[in-house]
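Since the structure comes first, as structure tokens, the remarks are kept for the end.
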Amino acid sequence: MIKKSTMEIGKGMAREEQETTAMEPLSPVSRLFVSPSLYCFIIFTLGFQTRCNQSSIVEGVKNTWIKLPRFSSKVEIKKNGKAFWIPVSVRIEDHVIVPDIDYSNIENPDQFIEDYTSNIADTPMDMSRPLWELHLLNIKTSNAESLAIGKFHHSLGDGMSLMSLLLASSRKTSDPEAFPTTAATKKHVDSNIKVWWLVGRFWFMLRVIFITVIEMFKYLLTLCFMRDTKTPLMGKTGDRIRSSKVIHRIISFDDVKLVKNTMEMKVNDVLLGMTQAGLSRYLKKKSDIVAEKKSILENIRLRGTVFINLRADTKIEELANMMAKDSKCRWGNFVGFVMFPLWIRSEADSLEYVRRAKSIMDIKKLSMEPLLCYGLIKFTMKIFGEQAAETLSKRIFDHTTLSFSNVLGPDEEISFFDHPMSYVAASAIGGPQALIIHYVSYVNKIVINLAVDTTVIPDPHLLCDDLVESLDIIKLAAMKKGVHKMEV
């Protein structure tokens with residue numbers, strides 16, 4: 001249940017924001033997401049452990065979400081091309097949708113939800129009103145008793161912003177008055193750096209500068225001419241998503257942690273390693289239909305744009321209060337990205353995929369690439385205009401194969417407007433890439449989310465199977481490695 005004081009603060013903040021900001025310009029990244037070639041939105045699914053009390057959720061949304069400036073504003077593009085948030089009155093019925101469905105005639109609920117979600121993804125959003133909607137379905141699936149399926153335009157905010165919205169709308173099931181907790185922690189510099197002598201710090205800065213120069217040089221090469229190899233995963237240049245398919249699969253977070261602890265690395269390293277292994281398995285099966293017969297896995301150049309949160313602080317308190325005025329943690333789209341070369345090989349040792357992921361990511365962490373890419377977009381938009389920034393961004397996505405991100409969700413069970421949750425799934429859709437992979441965690445689960453263009457990837461379930469099977473193989477190899485360590 002939402003605390004009264006929190007609601008009152010939200011209402012007061014919303015009124016003050018609307019009174020002082022009648023027309024707020026969109027941020028640079030948000031402006032890109034409303035452009036025709038990079039039009040992008042987020043589909044998310046909340047699975048509940050109980051049947052959905054639709055009136056309770058409608059009331060909760062009415063008293064919280066629509067009081068927030070961006071959820072009660074539409075995007076208006078002026079004649080000069082500039083885009084602004086314009087406050088408007090909101091009819092809750094236009095945004096919280098309870099479809100009239102005869103559930104008794106549904107033979108396969110999981111397939112029905114998949115088709116329903118994909119239909120939402122393919123339906124254009126009404127730009128004349130606030131860019132979000134929430135569908136409530138009292139249908140029992142394999143993983144939930146009922147569902148809420150949402151569609152948010154990406155201009156509203158990035159993954160961390162929307163996770164903050166979920167956290168602010170939820171409470172612990174064990175303590176209805178307490179905010180949930182997440183595994184997200186405040187970013188920090190390695191404590192060893194603090195005790196380095198001047199020479200050590202100077203050497204560290206030299207490494208950062210050197211690696212940043214190399215990575216930005218690769219970025220410029222990609223902008224100019226360097227494209228990924230044409231594979232069955234590669235979208236067609238200049239094409240937008242024609243037919244979207246959104247699927248998700250739940251795996252055990254404990255399996256990922258087992259590999260993480262055995263290999264002494266981060267969760268993100270394991271997920272990237274699992275992704276590399278899964279894509280290698282999929283492309284090996286498809287190798288006979290690759291356009292160039294001489295192309296083999298070892299000669300494939302396949303890169304992903306890995307999105308990086310640029311916020312300095314991701315503590316639960318800051319996330320939950322991100323929407324408040326003067327919050328230390330910024331709401332909106334504050335993300336950069338790195339171009340991650342994926343290791344596409346037939347490896348006998350499955351742990352090599354994880355080692356490679358960690359090795360590359362360790363280098364990327366020393367680079368200022370994500371911050372510079374974000375700054376370059378802002379600079380280009382300010383100096384050369386929105387069209388130039390759109391062209392620059394689109395060229396990067398045209399020349400790479402897929403996008404990847406992961407968001408750490410609550411690490412203990414929560415209730416969303418008094419509905420105990422079973423899982424959280426989310427994925428962005430849009431742009432020229434035919435494949436977008438997101439991972440979202442919830443308690444002891446991780447949800448693999450795939451958003452694909454079915455004209456390019458007609459069998460996303462096969463790809464998802466390959467990802468899951470790759471994790472199983474990596475886990476078994478890690479367990480053997482752990483046993484060997486114990487014996488030694």
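Each residue of the sequence shown is one higher than the one before, starting from 1 at the first, in UniProt numbering.
We put the beta carbon where it would ideally sit given N, CA and C, even for glycine.
Query                                                                                                             : Result
Three-state class that DSSP yields for VAL452 in the structure shown                                              : strand
Nearest-angstrom beta carbon gap, VAL259 and ILE474 [assumed within contact, 8 Å]                                 : 6 Å
Straight-line Cα distance separating ALA168 from PHE179                                                           : 7 Å
Alpha carbon of TRP331 to alpha carbon of PHE204, nearest angstrom                                                : 32 Å
One or two residues paired with TRP132 in a DSSP bridge                                                           : PHE152
Exposure of LEU68, with buried meaning 16 or more beta-carbon neighbours within 10 Å                              : buried
Simplified DSSP assignment, three categories, for LEU476                                                          : helix
Exposure label - LYS245; buried when at least 16 CB within 10 Å                                                   : buried
Rounded distance between the beta-carbons of LYS445 and SER146, thought under 8 Å                                 : In fact, because the Cβ distance is near 17 Å, the residues do not count as touching under 8 Å.
Simplified DSSP assignment, three categories, for CYS224                                                          : helix
Host alpha helix (DSSP H) of PRO28 (start-end)                                                                    : 28 to 33
is_contact[LYS266, chain C] using C-beta, thresh 7 Å                                                              : Given the protein chain composition of this structure (a single chain), no chain C is represented.
In DSSP terms, what LYS172 is bridged to                                                                          : ILE414
Inter-residue Cα distance where the pair is LEU131 and SER346                                                     : 44 Å
Where GLU298 falls, given that 16 or more other Cβ within 10 Å makes a residue buried                             : exposed
Limits of the unbroken beta strand (DSSP E) element including ILE250                                              : 244 to 252
DSSP state of ARG301 mapped onto helix, strand, coil                                                              : coil
Residues near ILE92 in its chain [Cβ-Cβ closer than 8 Å; skip 5 each side]                                        : VAL58, VAL61, LYS62 and ILE66
Cβ-Cβ distance between HIS135 and ILE77 below 7 Å                                                                 : no
Contacting residues, own chain, Cβ-Cβ under 7 Å from SER422 (five flanking each side not counted)                 : GLY47, PHE48, GLN49, ASN143 and ALA144
Spatial neighbours of ASN309 in its chain, beta-carbon cut-off 7 Å, leaving aside the 5 residues before and after : MET160 and VAL335
Per-residue burial, PHE307 [other beta carbons within 10 Å of its own, 16 or more giving buried]                  : buried
Under the three-state DSSP convention, the category TYR423 falls into                                             : strand
Short Cβ contact (7 Å threshold) for ILE344 with SER441                                                           : no
Identified DSSP bridge partners for MET339                                                                        : THR305
Residue from ARG201, PHE417, SER174 and THR455 whose Cα sits closest to the Cα of LEU165                          : PHE417
Nearest-angstrom Cα separation, counted from HIS154 out to MET127                                                 : 13 Å
Closest Cα partner of GLY235 within the set THR455, SER470, ASP459 and LYS480                                     : THR455
Span separating the alpha-carbon of TYR116 from that of LEU450                                                    : 15 Å
Strand pairing of PHE430, partner residues [DSSP]                                                                 : In the sequence under discussion, the amino acid at residue 430 is Gly, which differs from the Phe named in the question. According to DSSP, which records beta bridges pairwise, GLY430 is partnered with CYS40.
Local Cβ density within 10 Å of LYS394, reported as buried at 16 or more and exposed below that                   : buried
Own chain residues within Cβ distance below 7 Å of GLY81, not counting five before or after                       : GLU386
ILE457 (DSSP reduced to helix, strand or coil)                                                                    : coil
Status (buried if at least 16 other CB within 10 Å, exposed otherwise) for GLN433                                 : buried
Residue nearest to THR222 in terms of C-alpha spacing, selected from THR123, THR305 and VAL34                     : THR305
According to DSSP, residues forming a beta bridge with ILE437                                                     : PHE404 and LEU450
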